[in-house]
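Under our numbering, the first residue of the sequence shown carries the number 203, and numbering increases by one thereafter. Note sheet for the following structure.
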Amino acid sequence: MFYVPGQFRDSFTKRIRMTFRNRSLIAHLAMFGACAGWGLMAPVGKDAMSHGFDGITMVTFRVVGACLLFGLVSLFAPREHVAWRDKLRFAGAGLFGLVFNQCCYTVGLSLTSPINASIVTTSMPIFVLLLSALILKEPITGKKALGVLLGFSGALMLIVTSSIHVNGRVGDIRGDLLCLFAQFSYALYLALFTPLIRRYHVFTINRYMFFWASLMLLPFTFGHVIHVLAEPVPVKTWFEVAYVVCIGTFFCYILTMIGQRTLRPTVVSVYNYVQPVVSVAVSLLMGIGILKPTHALAVVLVFYGVWLVTQSKSRQDEGSR
């Protein structure tokens, strides 16, 4: 056996620990940045869809714009061989992870308040729990079940409250339900296509997913978008759309992948809490949202429910420590 001096061994171990800490810090900052960007996207996108754009036009710009950006960046990224079978699977991933998810969320946001939309996004880990139990056979503990009950109680309270008001600043039940279905669609995408998205590089995944999503979306929305853009659109709205496409979609998707490579899934899901905090604060400052006592109670129920779910480790979480 080779003798390694103690000083050298301690220095090497210290470097490894510092490298791991730096990677962990970068991952945490990446997830915080992504969720803060998504939280800001709700009020910014809502304002854009109140001044020249509508939900269908916004989601078309978001999907097609990100498709072009990922296609451009992929020219400089390492090339990967993708089997034809997986290329077709990316179509299903794009359908559930992008088309249904982004269409329902963006159109729902155009109908309801950004505060409601952001609160509903925190229900996604609960859907992941239920679908993982059904599809991946993950066990459901008592703590997880209580978390699901509390989370859905908060979402139900939010929806019932919104159904009483016909005011986009307070909420709209149609928009809340669409945003809720968007979370279900993304959770289904995670449950069905996790092995596929772990097989390839982040740019390869997004390039194919956004390509298929654009191909499925454009035939139904192109004519509508041309009609909407025939009217003059304020310069401020164009800047808001640019933020939604470049930051809220393209950049945030990259940051999320960076975080997911280092952090456990439970830690990643906790960062969903950042979205409604940012969205509520910005919405109140912009004057496009109203925070009611029932909203605050719904936030507490949903947050506590999701926290209980994430505190109960799954088999996959235990194995990824």
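Glycine residues also receive a C-beta, built at the ideal position from the N, C-alpha and C atoms.
May I ask which residues mark the beginning and end of the alpha helix (DSSP H) holding residue i?
i	result
MET326	326–337
TYR473	Looking at the DSSP string, TYR473 is not in any alpha helix (DSSP H), and its letter there is neither H nor E.
ARG376	375–399
ILE258	257–276
Taking residue i as the reference, which of the options has the closest Cα?
i	options	result
PRO327	CYS454, ALA389 and LEU503	ALA389
GLU442	ALA229, MET233 and PHE255	PHE255
THR324	GLY356, GLY294 and PHE298	GLY356
THR406	MET260, LEU242, ALA295 and ASN303	ALA295
LEU499	VAL330, ILE321 and ALA238	ILE321
HIS426	THR259, ALA268, ILE456 and PRO316	THR259
PRO495	ASN318, PRO280, PHE302 and PHE263	ASN318
VAL301	ALA232, LEU392 and MET418	MET418
ALA393	VAL246, VAL446 and LEU332	LEU332
VAL261	LEU348, ALA236, PHE272 and THR308	THR308
PHE453	ASN224, TYR410, LEU311 and ALA236	ALA236
GLY273	TRP414, VAL330 and VAL430	TRP414
ALA279	ILE337, THR343, ASN408 and LEU231	ASN408
ALA293	THR343, LEU242 and SER416	SER416
LEU420	GLN477, THR343 and LEU297	LEU297
Report the three-state DSSP secondary structure of residue i (helix, strand or coil).
i	result
HIS426	helix
SER315	coil
PRO245	helix
PRO436	coil
ALA285	coil
TYR445	helix
SER320	helix
GLY507	helix
ALA295	helix
TYR307	helix
SER252	coil
TYR410	helix
VAL402	This sequence places Tyr at residue 402; Val is not what is there. In this structure, TYR402 counts as coil in the three-state DSSP scheme.
PRO421	helix
ALA279	coil
THR496	helix
THR464	helix
Roughly how many whole angstroms lie between the Cα atoms of residue i and residue j?
i	j	result
VAL504	LEU352	6 Å
ASP288	LEU227	33 Å
LYS345	LEU510	6 Å
THR396	ARG291	11 Å
HIS367	LEU313	Caution is warranted here: a pLDDT of 49 is assigned to HIS367, below 50, making its placement in the model unreliable, and the coordinate value is therefore given only provisionally. In a straight line, the C-alpha of HIS367 is about 12 Å away from that of LEU313.
VAL266	GLN385	21 Å
GLY299	THR439	26 Å
TYR506	LEU380	23 Å
HIS403	CYS306	27 Å
THR464	GLU282	22 Å
ALA285	ARG401	11 Å
ARG376	ILE456	31 Å
HIS253	LEU271	25 Å
VAL435	ILE399	37 Å
THR197	GLU433	Nothing in the structure corresponds to residue 197, since the chain is present only between 203 and 523.
GLY450	ALA335	30 Å
PHE422	GLY461	34 Å
SER315	ILE428	26 Å
TYR391	LEU382	14 Å
ALA229	LYS339	29 Å
ASN303	VAL447	15 Å
SER387	VAL502	24 Å
LEU242	VAL330	24 Å
Please report the Cβ distance between residue i and residue j, rounded to the nearest whole angstrom; I am assuming they are in contact, meaning their Cβ atoms lie under 8 Å.
i	j	result
ALA250	VAL480	Contact flag wrong, Cβ pair sits at about 17 Å.
TYR410	MET233	TYR410 to MET233, Cβ: 24 Å. No contact.
TYR445	VAL246	5 Å
ALA268	PHE412	5 Å
LEU311	LYS248	6 Å
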